[in-house]
Amino acid sequence: MKRILICVLASAVFCAAGCKKKGTVSFCEGVDKEGKGVNCGTVFSTGDMTAVFNSRSAFGTDALEMKIFNVNDSSRKPVSTVEVMVNPDDSEGNADLEMYDEGVFRVELRKHGGDVVSEGQVEIVDTYVKP
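Numbering-wise, our numbering comes out as the position in the sequence shown, counting from 1, plus 20.
Quick look at the structure:
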């Protein structure tokens, strides 16, 4: 009986630890007056866009690190890291992105301690046709 109880408790602890949810990053053409994304999607042509992100709770810090990773690259190093200023009491924010390379990119927003607050993925395609 003790074994069953220990197994059930251990399973509950592992499930609770694994259920920690992250916020999402959406990719949009801009934001409206309320800060909501406008014309959001997962595939964009090269150029400027806006990352609209949220967290399950207040950020608790005044700056987040936005790390951009090339999914197609075998390296685990980010291709870009940018500091994004946020209000510590907010759980939503946005930041401008310049995406001029083709590929699939994962964007993570992290607290300076390394905890991932939100993440998302976008595909960038070059629609320019060379003459």
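We put the beta carbon where it would ideally sit given N, CA and C, even for glycine.
Distance from the Cα of G113 is smallest, within the candidate group M86, R126, V145, V99, for M86. In summary, M105 is exposed, with fewer than 16 beta-carbon neighbours lying within 10 Å of its beta-carbon over all protein chains present. In terms of Cβ geometry, D146 and T70 do not form a close pair [threshold 9 Å]. Look at the region 46-114 and you find these whole runs of beta strand (DSSP E), each 3 residues long or longer: 63-65, 67-74, 83-90, 100-105.
T44 sits in a strand when the DSSP states are folded into three classes. At the C-beta level, N90 and V99 come within 9 Å of one another. DSSP places E143 in the uninterrupted beta strand (DSSP E) bounded by 136-145. The beta-carbon separation of V58 and D52, rounded to 6 Å, stays under the 8 Å limit for a contact. Going by DSSP, E128 is part of the beta strand (DSSP E) stretching over 123-130.
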